[in-house]
Amino acid sequence: MTALLVIKAGDAIPAIVAKRRDFETWIAAGAGLSLADVQVVRVFHGETLPEPEGVPGVIVTGSSSMVTDRELWSETTARWLARAVELDKPILGICYGHQLLAHALGGEVRNTPRGREIGTVDVKLNASARPDPLFGRFAEVLHLPVCHEQAVVRLPPRASVLGATALDPHHVVRYGASAWGVQFHPEFDANIVRAYIDASRDDMLREGLDPEAIWHSATDTADGTFVLRRFAEIVRKRGQEQQRFAESAE
107 MTALLVIKAG DAIPAIVAKR RDFETWIAAG AGLSLADVQV VRVFHGETLP
157 EPEGVPGVIV TGSSSMVTDR ELWSETTARW LARAVELDKP ILGICYGHQL
207 LAHALGGEVR NTPRGREIGT VDVKLNASAR PDPLFGRFAE VLHLPVCHEQ
257 AVVRLPPRAS VLGATALDPH HVVRYGASAW GVQFHPEFDA NIVRAYIDAS
307 RDDMLREGLD PEAIWHSATD TADGTFVLRR FAEIVRKRGQ EQQRFAESAE
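In our numbering, each residue carries its 1-based index in the sequence shown increased by 106.
As structure tokens, then:
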């Protein structure tokens, strides 16, 4: 596979980075790839994205930033993503990346109307997910790690909801023929989620949440790894099809 592009929108929290490295490492491992198979562009540090025409597939990471802050790097990335969707590039937006995709295509992102969502939660897929190339072979209910304070509150035109949680009706969304946004973190395991809970304890208590109970209910799940590996397979197959087409045209 030509290097999968990981658009890095921020760093994970320092407490976990010091022990476990960062988003791109977890994403590559979950997708069954080595870091040599991944091109990381740190857009939040001002690094320039390649032209989307030459990119085989894209994963956009989470971030501690907020889409609603409309930072220059974020708005620039949003325009790039809109172009990549037009080109039918396989895209997977994770958490912030999911929200940025919605914003890029005309949706709306705001603070979560039903409050912070953190821990391991049930994601219920609906009938629209059954024929979907990425989510079509999954069970109806997935168990996945989450950590977010903002959400997609209004979908862009032609977006399709594939799954929801108790607090987020737009948790899994298909934005185009080959573009998906997921509010969950497929690259997280239970210990990473717990580190985020530890970092948010004071805020959670102020919001009336029980961080101790949520911490202990965090569990490891293979569902996120399956999502990442299936997405990597979609990218790989798309690349093979394009290569065969190019060779037949010679």
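For each residue, glycine too, the CB sits at the ideal point set by N, CA and C.
For Ile200 and Val166, believed in contact at Cβ under 8 angstroms, the rounded distance: By one-based count along the sequence shown, residue 166 stands at place 60. By one-based count along the sequence shown, residue 200 stands at place 94. Indeed, because the Cβ distance is near 6 angstroms, the residues count as touching under 8 angstroms.
Segment contact flag, the segment 186 to 197 with the segment 222 to 232, C-beta cutoff 8 angstroms, min 3 pairs: The segment 222 to 232 and the segment 186 to 197 do not touch, with fewer than three beta-carbon pairs separated by less than 8 angstroms.
Environment of Ser170 [buried if 16+ CB atoms lie within 10 Å]: The residue you call residue 170 lines up with position 64 of the sequence shown. So Ser170 counts as exposed.
Three-state secondary structure assigned by DSSP to Val279: Here residue 279 is taken as the residue at index 173 of the sequence shown, counted from 1. Residue state, collapsed to three classes: strand.
Reduced DSSP secondary structure (H/G/I, E/B, other) of Phe150: Translated into the one-based positions of the sequence shown, residue 150 becomes position 44. Three-state DSSP puts Phe150 in a helix.
Sheet register partners of Val247 (DSSP bridge): Taking the sequence shown and counting its residues from 1, the one referred to as residue 247 is at position 141. DSSP, once it has assigned bridges, lists Lys230 as partnering Val247.
Reduced DSSP secondary structure (H/G/I, E/B, other) of Ser170: On the sequence shown, residue 170 is found 64 positions in, with the first residue counted as 1. Residue state, collapsed to three classes: coil.
Coil, strand or helix - Arg300 by DSSP: As a working note, residue 300 is residue 194 in the sequence shown. In this structure, DSSP gives Arg300 a helical state, which the three-state scheme calls helix.
Neighbourhood of Val144 by C-beta, 7 angstroms cutoff - its chain only, sequence neighbours within 5 removed: Counted from its first residue, the sequence shown places residue 144 at position 38. Here the set comprises Ala109, Leu110, Val112, Glu130, Ala134.
Where the alpha helix (DSSP H) containing Ser323 begins and where it ends: The sequence position of residue 323 within the sequence shown is 217, counting from 1. It spans 317 to 323 - the alpha helix (DSSP H) in which Ser323 sits, taken as one unbroken run.
For Arg260, the residue or residues it bridges with in DSSP: Start at 1 with the first residue of the sequence shown, and residue 260 comes out as number 154. As DSSP reads the structure, Arg260 sits in a beta bridge with Glu214.
Residue closest to Lys114, alpha-carbon to alpha-carbon, out of Lys125, Val149, Arg127: The sequence position of residue 114 within the sequence shown is 8, counting from 1. Of the candidates Lys125, Val149, Arg127, the one whose C-alpha sits nearest the C-alpha of Lys114 is Val149.
Assigned exposure category for Val215 - 16 Cβ within 10 Å defines buried: Mapped onto the sequence shown, residue 215 falls at position 109. Within 10 angstroms of the beta-carbon of Val215 lie 16 or more other beta-carbons, which makes it buried.
CA-to-CA distance, Phe244 to Gly269, given in whole angstroms: Position 163 of the sequence shown, counting from 1, holds the residue named residue 269. Position 138 of the sequence shown, counting from 1, holds the residue named residue 244. Rounded to the nearest angstrom, the gap between the Cα atoms of Gly269 and Phe244 is 11 angstroms.
Three-state secondary structure assigned by DSSP to Ser180: What you label residue 180 is simply residue 74 of the sequence shown in a count that begins at 1. Of the three classes helix, strand and coil, the one that applies to Ser180 here is helix, per DSSP.
Residue from Gly116, Asp117, Ile122 whose Cα sits closest to the Cα of Val299: Position 193 of the sequence shown holds residue 299. Each of Gly116, Asp117, Ile122 was checked against the Cα of Val299, and the nearest Cα belongs to Ile122.
Distance between beta carbons of Ala210 and Leu178, contact taken as under 8 angstroms: Along the sequence shown, read from residue 1 onward, the residue named residue 178 stands at position 72. Along the sequence shown, read from residue 1 onward, the residue named residue 210 stands at position 104. Not confirmed; about 14 angstroms, so no contact.
Beta-carbon proximity of Val147 to Leu155, cut-off 9 angstroms: Here residue 147 corresponds to residue number 41 of the sequence shown, with the count starting at 1. Here residue 155 corresponds to residue number 49 of the sequence shown, with the count starting at 1. Result yes, Cβ atoms of Val147 and Leu155 sit closer than 9 angstroms.
Val123 - containing beta strand (DSSP E), residue span: As a first step, residue 123 is located in the sequence shown; it is residue number 17 there, counting from the start. Where Val123 is concerned, there is no enclosing beta strand (DSSP E), although the alpha helix (DSSP H) around it starts and stops at 120 to 126.
Nonlocal neighbours in the same chain, by C-beta distance under 6 angstroms from Gly168, ignoring five residues either side: Position 62 of the sequence shown, counting from 1, holds the residue named residue 168. Around Gly168: Ile200, Cys201, Tyr202.
Closest Cα partner of Arg222 within the set Ala265, Arg185, Ala272, Ala208: What you label residue 222 is simply residue 116 of the sequence shown in a count that begins at 1. Distances from the alpha-carbon of Arg222 to those of Ala265, Arg185, Ala272, Ala208 put Ala272 closest.
Where Arg260 falls, given that 16 or more other Cβ within 10 Å makes a residue buried: Within the sequence shown, numbered from 1, the residue matching residue 260 stands at position 154. Counting Cβ neighbours within 10 Å, Arg260 comes out exposed, since fewer than 16 surround it.
Three-state secondary structure assigned by DSSP to Ala235: Translated into positions along the sequence shown, residue 235 becomes position 129. DSSP places Ala235 in helix when its eight states are reduced to three.
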